[in-house]
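All remarks here apply to the structure that follows.
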Amino acid sequence: MVGAGGFIGGFIVAEGLRRGFDVYAAVRESTSRRYLSDPAIKFVVLDYDDPDTLGAKLAEAAPDHKPWDYIIYNLGATKAARFSDFNHINYEYLRYFVGALEDEQLMPSKFLYMSSLSALGPVAEDGSYKAIDNTCLPKPDTRYGLSKIKAETYLETRTALPWIIFRPTGVYGPHEQDYLMMIKCIDSHFDFGVGYKRQMLTFIYVDDLVNAMYDALESDKTVHHKYIISEPRAYSQKEFRSIVAKALGRKLIVPVKLPLWAVYAVSAVAERIGALTLKPSTLNRDKYRIMRQRNWNCSVADAEADFGFTCRFPLERGIEETVKAYNASKKK
Numbered sequence: 004m005v006g007a008g009g010f011i012g013g014f015i016v017a018e019g020l021r022r023g024f025d026v027y028a029a030v031r032e033s034t035s036r037r038y039l040s041d042p043a044i045k046f047v048v049l050d051y052d053d054p055d056t057l058g059a060k061l062a063e064a065a066p067d068h069k070p071w072d073y074i075i076y077n078l079g080a081t082k083a084a085r086f087s088d089f090n091h092i093n094y095e096y097l098r099y100f101v102g103a104l105e106d107e108q109l110m111p112s113k114f115l116y117m118s119s120l121s122a123l124g125p126v127a128e129d130g131s132y133k134a135i136d137n138t139c140l141p142k143p144d145t146r147y148g149l150s151k152i153k154a155e156t157y158l159e160t161r162t163a164l165p166w167i168i169f170r171p172t173g174v175y176g177p178h179e180q181d182y183l184m185m186i187k188c189i190d191s192h193f194d195f196g197v198g199y200k201r202q203m204l205t206f207i208y209v210d211d212l213v214n215a216m217y218d219a220l221e222s223d224k225t226v227h228h229k230y231i232i233s234e235p236r237a238y239s240q241k242e243f244r245s246i247v248a249k250a251l252g253r254k255l256i257v258p259v260k261l262p263l264w265a266v267y268a269v270s271a272v273a274e275r276i277g278a279l280t281l282k283p284s285t286l287n288r289d290k291y292r293i294m295r296q297r298n299w300n301c302s303v304a305d306a307e308a309d310f311g312f313t314c315r316f317p318l319e320r321g322i323e324e325t326v327k328a329y330n331a332s333k334k335k
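Each residue of the sequence shown is one higher than the one before, starting from 4 at the first, in the numbering used here.
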């Protein structure tokens with residue numbers, strides 16, 4: 004499992020152990036292991052900036068010098084101070100890693116790559132709010148999305164690699180930070196929305212995403228296919244606010260609508276400061292373009308058909324679990 008140290012990574016490792024797999028967690032030397040405490044985890048320390056050593060490290064870690072059954076590649080950057088960082092981390096690291104697998108003859112039986120719905124971009128913005136699906140021609144409008152579609156395209160050229168590509172919508176749950184900011188605002192009795200035109204949002208709770216990964220790996224229908232992963236319904240900002248407020252026990256919430264031009268101005272300034280300080284800002288022009296997009300409604304029909312994808316955590320249940328973790332963290 005590559006990229007084990009992030010928000011989703013800890014859940015992927017835990018589910019693999021729960022399902023009885025021998026789980027190898029690939030991490031950097033500096034990676035936090037806060038959510039990787041199970042003694043059954045086998046760690047593989049890699050330096051992705053040194054492709055010359057990747058193959059030897061992987062060969063050394065491989066069980067009995069044989070390929071792993073499955074590899075989940077979850078490594079990536081969701082925000083960066085410079086476009087070159089997105090390209091380097093989200094594309095070049097993947098290319099180095101796959102090249103090392105090829106050189107060392109360590110091709111797994113399945114290789115699941117975590118992409119993003121942002122790889123498609125605003126493909127259904129005609130006002131109809133029709134569902135985005137994999138027949139849509141990608142037109143990413145963010146630097147993050149561009150790096151993801153570049154990585155996807157690279158995988159498609161590796162015909163000997165049994166890849167599967169996941170394009171999840173917004174992932175939330177305990178330990179995630181971006182949606183936590185929204186929850187904190189509502190906990191403070193304010194809900195900030197962007198733009199005056201109706202926006203439909205989609206979500207996927209981290210447990211549902213992780214279960215989908217293992218179900219896809221164990222299916223015989225998924226190799227060389229791409230899947231959008233989402234709860235199969237969309238929510239308005241008002242519905243989201245109501246669900247979060249209920250979970251928090253808040254009755255008075257003040258909705259605040261911010262015009263797009265104002266959000267863009269603040270995003271541009273924050274991004275510039277991030278570039279100067281080399282500390283990526285959560286609010287930036289990429290984030291603005293994501294917030295500007297009005298239709299995130301999407302179809303998961305392919306995932307339902309090929310590996311029986313189901314969503315056990317609709318937004319109300321998922322938010323309840325997330326708020327529980329948030330409240331528990333406030334008491335520490």
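All residues carry an ideal CB built from backbone N, CA and C; glycine is no exception.
Rank the options by C-alpha distance to the C-alpha of residue i and give the top, closest one.
i, options, result
"D181", "K290, Y132 and S40", "K290"
"R21", "D41, E32 and G6", "D41"
"D305", "L61, I232, S112 and A59", "I232"
"L318", "E18, A248 and V101", "A248"
"L263", "G198, D129, L61 and A7", "G198"
"M294", "P258, V266 and F100", "V266"
"F24", "V5, Y73 and S35", "Y73"
"A62", "T325, I186, V47 and S131", "V47"
"K241", "A271, T280, K200 and L281", "K200"
"G1", "G79, I135 and A268", "Residue coverage of the chain in this structure runs from 4 to 335, which leaves residue 1 outside it and unanswerable."
"S284", "V326, K82 and L183", "K82"
"V259", "R315, A250, I189 and Y238", "I189"
"T313", "R236, A268, S332 and T325", "R236"
"Y250", "T325, A273 and L281", "Rather than Tyr, the amino acid found at residue 250 in this sequence is Ala. Ranking T325, A273 and L281 by Cα distance to A250 puts T325 first."
"A268", "M184, R288 and K282", "R288"
"R292", "Y238, Y147 and A64", "Y147"
"R320", "L281, Y175 and S131", "Y175"
"S332", "F316, P177, T280 and A273", "P177"
"L261", "F193, R315, K327 and E159", "F193"
Report yes if the CB atom of residue i is closer than 8 Å to the CB atom of residue j, and no otherwise.
i, j, result
"I152", "T225", "no"
"S119", "P171", "yes"
"I75", "M216", "yes"
"A127", "P141", "no"
"D210", "F14", "yes"
"E18", "V257", "no"
"Y38", "I186", "no"
"F100", "L57", "yes"
"I207", "E234", "yes"
"S270", "L286", "yes"
"G12", "N77", "yes"
"A7", "A278", "no"
"Y51", "Y96", "yes"
"Y238", "F169", "no"
"A64", "Y27", "yes"
If you draw a straight line from the alpha carbon of residue i to that of residue j, how long is it in whole angstroms?
i, j, result
"H91", "F310", "32 Å"
"K69", "D218", "23 Å"
"P143", "Q296", "11 Å"
"L204", "A29", "33 Å"
"F86", "L149", "10 Å"
"S191", "I322", "16 Å"
"C139", "D67", "43 Å"
"E155", "K133", "24 Å"
"E307", "R275", "42 Å"
"N93", "M4", "16 Å"
"P165", "Q202", "37 Å"
"W98", "Y157", "Correcting the residue identity first, residue 98 is Arg in this sequence and not Trp. So the alpha carbons of these two residues sit roughly 8 Å apart."
"W299", "A80", "21 Å"
"A163", "W71", "16 Å"
"E32", "L49", "7 Å"
"T145", "S222", "32 Å"
"F195", "F243", "12 Å"
"R253", "E105", "54 Å"
"R161", "A103", "13 Å"
"I246", "D88", "36 Å"
"P54", "G130", "46 Å"
"M110", "K334", "46 Å"
"L183", "L255", "19 Å"
Per DSSP, residue i is paired with what?
i, result
"R170", "I231"
"I207", "V174"
"F195", "V259"
"C301", "I135"
"K113", "Y73"
"S239", "M203"
"V5", "A29 and Y76"
Are any of the Cβ atoms in chain B nearer than 8 Å to that of residue i?
i, result
"A163", "Here chain B cannot be found, since the structure has a single protein chain."
key: Uninterrupted beta strand (DSSP E) stretches inside the segment 14–99 (no shorter than 3 residues)   = 27–30, 45–48 and 73–76
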